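Numbering (this note's numbering), first residue to last: 136 to 361.
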């Protein structure tokens with residue numbers, strides 16, 4: 136069953152959220168950012184927030200991988216392509232956790248965002264670069280090479296522009312990225328047991344998130360319409 140990669144569109148959002156909630160069911164990071172069980176309402180709310188981000192951030196390039204025999208979306212990812220230096224007022228912004236009133240979820244989300252964004256600020260800041268912000272594959276379609284297609288797209292774009300690329304990886308995703316030439320820069324550890332009852336399904340114990348870097352492969356040459 137061959138796969139193809141193309142840009143995602145607004146009409147894909149329902150399926151993208153189905154993939155996201157299925158793949159991230161045991162990931163506490165997802166639970167604090169998009170609380171609630173895997174229901175049509177929760178997916179619709181998550182989709183609305185995600186779509187708002189797409190429309191407000193021109194740097195976002197959202198890609199989907201399709202099974203060409205079934206026309207089903209099996210994976211998607213989001214690369215942020217920052218082709219020019221950005222002022223600190225743009226990249227060093229505090230995200231207001233306004234999607235939940237639950238004190239545990241709110242505290243968990245703030246902790247995750249502080250630590251993850253802290254690594255981004257430390258290493259990438261406002262310099263021109265690419266960032267793999269999201270990479271998700273539907274569980275029944277994992278290990279088919281869909282994620283690698285999206286990672287390769289970003290690496291090729293980075294090489295075309297002569298820019299470095301960054302991402303955060305869980306232990307499960309680390310081998311894919313190392314194979315594409317990424318190097319580990321740093322790591323944060325979230326101890327979910329610090330919150331009473333943990334942080335949702337899968338949200339117990341310590342979870343590690345590595346900051347990875349792929350250096351620029353040639354001198355930057357960025358066209359005006361990149």
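We put the beta carbon where it would ideally sit given N, CA and C, even for glycine. A quick note: this is a predicted structure, and the numbers were derived from the prediction, not measured.
Straight-line Cα distance separating residue j from residue i
i	j	result
residue 333	residue 265	33 Å
residue 271	residue 154	7 Å
residue 147	residue 205	15 Å
residue 278	residue 233	36 Å
residue 176	residue 152	11 Å
residue 173	residue 182	13 Å
residue 269	residue 220	22 Å
residue 227	residue 144	28 Å
residue 210	residue 141	11 Å
residue 261	residue 249	17 Å
residue 335	residue 202	32 Å
residue 238	residue 273	30 Å
residue 243	residue 330	8 Å
residue 339	residue 160	13 Å
residue 282	residue 351	21 Å
residue 296	residue 225	21 Å
residue 246	residue 328	13 Å
residue 302	residue 150	24 Å
Sequence-distant residues of the same chain with beta carbon closer than 7 Å to residue i, five excluded per side
i	result
residue 319	345 and 347
residue 241	232 and 235
6 Å Cβ shell around residue i - same chain, five flanking residues per side excluded
i	result
residue 169	181
residue 349	300, 316 and 317
residue 137	203
Any chain B beta carbon closer than 8 Å to residue i
i	result
residue 199	Any reference to chain B falls outside this structure, which holds one protein chain only.
8 Å Cβ shell around residue i - same chain, five flanking residues per side excluded
i	result
residue 321	254, 257, 258, 345 and 346
residue 280	138
CB contact flag (residue i, residue j, <8 Å)
i	j	result
residue 323	residue 208	no
residue 198	residue 311	no
residue 325	residue 314	no
residue 343	residue 306	yes
residue 156	residue 178	yes
Distance cut-off 7 Å: residue i Cβ against heavy atoms of the ligand COA
i	result
residue 352	This structure lacks the ligand COA; in fact it carries no ligand of any kind.
* contact_flag[the segment 161 to 175, the segment 190 to 197] where n(CB pairs < 8 Å) is 3 or more -> The segment 161 to 175, when compared against the segment 190 to 197, does not touch it at the 8 Å Cβ threshold.
* Does the count of Cβ pairs from the segment 209 to 218 and the segment 255 to 265 closer than 8 Å reach three? -> Yes, the segment 209 to 218 is in contact with the segment 255 to 265.
* Pick out the complete alpha helix (DSSP H) segments inside the segment 138 to 213, 4 residues or longer, and give them in chain order. => Runs found: 148 to 158, 163 to 168 and 175 to 191.
* To do: Just list the beta strand (DSSP E) runs in the segment 261 to 302, keeping only unbroken ones of 3 residues or longer that don't cross its boundaries, in chain order.
  => Taking only runs of at least 3 residues, the beta strand (DSSP E) segments lying wholly in the segment 261 to 302 are 264 to 272.
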